[in-house]
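These protein sequences, in sequence, are chains D and V. Residue numbering for the first sequence follows this note's numbering, starting at 6 and increasing by one per position. Residue numbering for the second sequence follows this note's numbering, starting at 76 and increasing by one per position.
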Amino acid sequence: MWESIKDFASTFFVTGDPLIYGADVSIVLTVAAIVFVLTKYKKWGWLWREWLTTVDHKRIGIMYLIASLLMLFRGGVDALMMRTQLAFPDLTFLHSDHYNQIFTTHGTIMIFFMAMPMMFGLFNMVVPLQIGARDVAFPFLNAVSFWLFMSGALLFNLSFVIGGSPSGGWLSYPPLTEKAFSPGPGQNFWIWGVQISGIGSLATGINFIVTILKMRAPGMKLMKMPLFSWSVLSSCLMIILAFPVLTITLSLLYLDRFAGAHFFTIDGGGNPMNYINLIWMWGHPEVYIVLVPAFGIFSEVIATFAKKKIFGYTSMVWSLMSIAVVSFFTWGHHFFTMGTSASVIAFFAISTMVIAIPTGAKIFNWLFTFFRGRITFSLPMMWTLAFIPCFVIGGATGVMLAAAPADYQYHNSYFLIAHFHQTLIGGPVFGYLAGIYYWWPKLFGFKLNERLGKWAFWLWNIGFYVCFMPQYALGFMGMTRRYYTYTWDLGWASLNLVSTVGAFLMGIGFLFQGWQILYSIKHGERDTTGDPWNGRTLEWSIPSPAPFYNFAVIPQVKEADDFWATKEAKANGTYKAEPVHLEPIHMPKNSGIPIIMSGFWFIAGFGFVFEWTWIAVIGLIGVALCMWARSFDYDDAYYVPVDEVRRTEASLGRVY
Amino acid sequence: MEMTKQHDHDHDHGHEELEQLKILGFWIFVVTDCILFGTLFATYAVMIHSYAGGPTPKELFELPGIVASTFILLTSSFTSGLAVLAMNKKKVNEMIGWLAVTGLLGLAFVGLEIHEFSNLAHEGATIATSGYWSAFFTLVGTHGLHVSIGLFWMVALIIQLKRRGITTVTHRKITNFSLYWHFLDIVWIFLFTVVYLMGVM
Chain D
6 MWESIKDFAS TFFVTGDPLI YGADVSIVLT VAAIVFVLTK YKKWGWLWRE WLTTVDHKRI
66 GIMYLIASLL MLFRGGVDAL MMRTQLAFPD LTFLHSDHYN QIFTTHGTIM IFFMAMPMMF
126 GLFNMVVPLQ IGARDVAFPF LNAVSFWLFM SGALLFNLSF VIGGSPSGGW LSYPPLTEKA
186 FSPGPGQNFW IWGVQISGIG SLATGINFIV TILKMRAPGM KLMKMPLFSW SVLSSCLMII
246 LAFPVLTITL SLLYLDRFAG AHFFTIDGGG NPMNYINLIW MWGHPEVYIV LVPAFGIFSE
306 VIATFAKKKI FGYTSMVWSL MSIAVVSFFT WGHHFFTMGT SASVIAFFAI STMVIAIPTG
366 AKIFNWLFTF FRGRITFSLP MMWTLAFIPC FVIGGATGVM LAAAPADYQY HNSYFLIAHF
426 HQTLIGGPVF GYLAGIYYWW PKLFGFKLNE RLGKWAFWLW NIGFYVCFMP QYALGFMGMT
486 RRYYTYTWDL GWASLNLVST VGAFLMGIGF LFQGWQILYS IKHGERDTTG DPWNGRTLEW
546 SIPSPAPFYN FAVIPQVKEA DDFWATKEAK ANGTYKAEPV HLEPIHMPKN SGIPIIMSGF
606 WFIAGFGFVF EWTWIAVIGL IGVALCMWAR SFDYDDAYYV PVDEVRRTEA SLGRVY
Chain V
76 MEMTKQHDHD HDHGHEELEQ LKILGFWIFV VTDCILFGTL FATYAVMIHS YAGGPTPKEL
136 FELPGIVAST FILLTSSFTS GLAVLAMNKK KVNEMIGWLA VTGLLGLAFV GLEIHEFSNL
196 AHEGATIATS GYWSAFFTLV GTHGLHVSIG LFWMVALIIQ LKRRGITTVT HRKITNFSLY
256 WHFLDIVWIF LFTVVYLMGV M
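What follows is the structure, given as structure tokens:
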């Protein structure tokens, strides 16, 4: 008995690596500390009522933000471990299998569990406020999406200490990821972690499309809608068209592994290249899904800090939407070397280059907005300015990669690594950081400290170029991705060392941002006006932090940048105040079902990962019962009485 | 008194709008489900000749059973439409009756599919036999799973209709359900054509 338990534990838990034992200890200590603090200060009830069961889009946004920052930390540590291993030739800091696991989890976490939730956090924090709505279209579903993301992320991160991490790369190409070559639960963790959070993403896509199409304040015609909301619409359209493909692709891979199917195996009539087509049919739109909202953020930030209406609004809208369309026709450029006919390759090469046109149009529009603007260099603006050169270089190297004949030289080399980090860090990461700095006061009621933010900014930016510019050269010198070590005689040592130094500079930049947040909670400049940046759009017309119902009175919109127009009218005396009439506000009730249902998804996922069917069945029955319970729940909303609205507004300094 | 009346009016108005949102949301969900099936159809097309030396659909398909289940599903789509017509005439019992008929037909369809699958397995074609059969069972099985989930949903809706009658909320739920049911019917028509008819050609 004892022997069999020991036997089970030694395969169930990841053993034998001091780094992981250290992580085990720190996880146990952190959990114990959290439980202790919550119990000591009697905060469990508060946590449950105010956060875990909330359907308030702003709180959900904040939870997304916190989770994504933690995941950025973990993904960042993965990156630094890889760069440490590669700092010098012939290092033995990580052995080959551990290195494979780390590049797999780095990529997976950064895209699925960092970029996606940070983006959804911004959607949640901003979109309803910006379009003058009191919540998203489906607040309950919004909570479900968040908790599905959390279950997926937890399940994936669990692989670190239980069962073993996946090691098949962030997109897990078969046949390597088939059972024959990747036995054990690691690969299943990847499939189910991504699958469960992916279902949540799909639901968010539906939710925000309906929110944007149906819940805009009266008078806000689509062509008067702020550009960030447009970018969210574009991103969500891509989500609903791309994510079902991911759902199927992951399911098919799992059927291969679990049921012995032959979709992507080498034998039995399987076709591994079909996986690579399918995954990139989702995967290429995915990079635009995370990129396009960053474009929206830049448009808001530039207009605000240049104190000018955005240049070429209509062309901005058209470029956002055309990127959404063209992004579905470029997937083949990820595997030119697969060996198809010249005409197929030419199609994908041209469609890829075509995407540079709307993107270029946007860059010029931003530059023209600067022209004769009164520019303020605050943190959101600095990140925006850093984005432009960074993304232009990334875009140019992208066009180089799109030139199919040349791609045969660059394919899967460090040139590619440098290119996509430049677009994904320069675009989404810089953009989301700009957005977080910009909308932080609206969510929390205080600004983040500028001085620490500038330290972080310069460390990030200098670190970025020091890290990735050498990688372009390394690519040309023949270094391909996923090498876990190399020898002195290849001549790659010095550039790799430089790159590692850059990576650590970025890591220090991130630490400064952590410090900046902690420091600003205590000392940050409080925002009492609700409009700390002299903003242009509706979210700045309400107090900071926004009350839970957002708008005491739903605004009547007359033009684009309506809040700016109102302020101008007030300044030159042409503003005519309309009588306000407070009414009871209809709000959704909190619900425990989303977190419980996601808990059952987690159980189901865990069962699938270890291929313990009975656990999976229990989880799925739990999910079905939760849906049943929700279907019978007719008491899901309430009215906020006028008195309470008046009191809340008065406490925020607004009198009605 | 006047206050409450005004309040009630807002209440109804607000609900009506919320229900409209949910119908639009469900339409978009159906779009995503279309893509889902589209991906499975594409995979099936890629796998169409990947028999790996194993059995072929031509040898194993038994069309009469499939034609029967096709008619059963088409009829259930029709009866779910009759339920919606009854709903529009505010006849709740007639509506529940038609929904029950729809459910029984759906159940028969799922039963026939299980029977078909077990027959195929008996003849030596399972999901692990070859790329072709993997694609076949996944595509047809995903449709069958959708129908089964629809049955589960329908039971919940019939109970709610019995308890609450036809309200703005149950009206919206039935609208979405019938949309889902018709959608599955359309998917089946493609399945019948692409998988079964072309399979025996």
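The beta carbon of each residue, even a glycine, is placed where N, CA and C say it ideally should be. None of these values were measured; they are calculated from a predicted model.
Can you name the start and end residues of the beta strand (DSSP E) that M220(D) belongs to?
No beta strand (DSSP E) contains M220(D), which DSSP labels as neither H nor E.
Close-in-space but distant-in-sequence residues of the same chain around M511(D) (CB under 8 angstroms, 5 per side omitted)
G81, L464, W465, G468, F469 and C472
Just by C-beta distance, which residues in the region 107-137 of chain V are closer than 9 angstroms to chain D?
T107, D108, C109, I110, L111, F112, G113, T114, L115, A117, T118, V121, M122, H124, S125, Y126, A127, G128 and G129
Any idea if F227(V) is buried or exposed, counting beta-carbon neighbours within 10 angstroms, 16 or more meaning buried?
exposed
Proximal residues to N276(D) (C-beta, below 8 angstroms), its chain only, five neighbours per side dropped:
F268 and F269
Going by the DSSP bridge assignment, what does F18(D) pair with across the sheet?
I167(D)
Quick one, which of L34(D), P231(D), N147(D) and G168(D) has its alpha-carbon nearest K563(D)'s?
P231(D)
Helix, strand or coil: which one does DSSP assign to S253(V)?
helix
Roughly how many angstroms separate the alpha carbons of L242(D) and V106(V), rounded to a whole number?
11 angstroms
Could you name the residues of chain D that A231(V) contacts, counting a contact when the two beta carbons are closer than 9 angstroms?
M632, W633, S636 and F637
CA-to-CA distance, L283(D) to T246(D), given in whole angstroms
The displayed chain sequence assigns Leu, not Thr, to residue 246(D). In a straight line, the C-alpha of L246(D) is about 13 angstroms away from that of L283(D).
A401(D) to G431(D), Cα distance in whole Å?
13 angstroms
What would DSSP say about I136(D), mapped onto helix, strand or coil?
coil
Sub-9 angstroms separation of A557(D) and Y661(D) beta-carbons:
yes
Assuming P130(V) contacts E191(V) (C-beta within less than 8 angstroms), just tell me the rounded distance between them.
That pair is no contact at about 14 angstroms.
Proximity of G174(D) and L163(D) at Cβ, strictly below 9 angstroms:
no
For S152(V), which three-state DSSP category applies?
helix
Taking only beta-carbon positions, decide if K594(D) is within less than 9 angstroms of chain V.
no
Give me, in chain order, the residues of the same chain whose beta-carbon lies closer than 7 angstroms to that of S656(D); leave out the 5 immediate sequence neighbours on both sides.
none
For F738(D), does the count of other Cβ atoms within 10 angstroms reach 16, so buried, or fall short, so exposed?
This structure cannot speak to residue 738(D), because chain D is shown only from 6 to 661.
Using the three-state DSSP reduction, which class does S304(D) fall into: helix, strand or coil?
helix
Assign N528(D) to buried or exposed, taking buried as 16 or more other Cβ atoms, counted over all protein chains shown, within 10 Å of its Cβ.
The amino acid occupying residue 528(D) in the given sequence is His; Asn does not appear at that position. Per the 10 Å Cβ criterion, exposed.
Out of L227(D), F108(D) and L207(D), state which residue places its alpha-carbon closest to the alpha-carbon of S172(D).
F108(D)
For P548(D) and R541(D), the rounded distance between their alpha carbons
14 angstroms
Option nearest H338(D) by Cα separation, candidates Y318(D), Y415(D), S320(D) and A366(D)
Y415(D)
At 7 angstroms on the CB atoms, spell out the chain V contacts of K184(D), in chain order.
Simply none; closest approach about 11 angstroms.
Chain D residues whose Cβ lies nearer than 9 angstroms to that of Y207(V)
H267 and G274
Would you kindly work out how many angstroms separate the C-alpha atoms of S662(D) and I114(D), rounded to a whole number?
The first residue shown for chain D is 6 and the last is 661, placing residue 662(D) beyond what the model contains.
From the beta carbon of W244(V), is the nearest beta carbon of chain D less than 9 angstroms away?
In the sequence as presented, Trp is not what sits at residue 244(V); that position holds Val. Answer yes: the Cβ-Cβ gap between V244(V) and chain D drops below 9 angstroms somewhere.
What in chain B is Cβ-close to G100(V), meaning under 7 angstroms?
Of the chains in the structure shown, none is chain B; the protein chains are D and V.
Can you check which of these residues, K219(D), T364(D), L207(D) and V215(D), is closest to F117(D) by C-alpha distance?
L207(D)
According to DSSP, residues forming a beta bridge with P593(D):
A642(D)
Helix, strand or coil for R531(D)? Go by DSSP, reduced to three states.
strand
In or out: S499(D) buried (at least 16 other Cβ within 10 Å) or exposed?
exposed
Given F553(D), which residues of its chain have a CB within under 6 angstroms of its CB, disregarding the five upstream and five downstream residues?
D61
With respect to the alpha helix (DSSP H) encompassing N454(D), which residues constitute its N-terminal and C-terminal limits?
Here N454(D) belongs to no alpha helix (DSSP H), and DSSP marks it neither H nor E.
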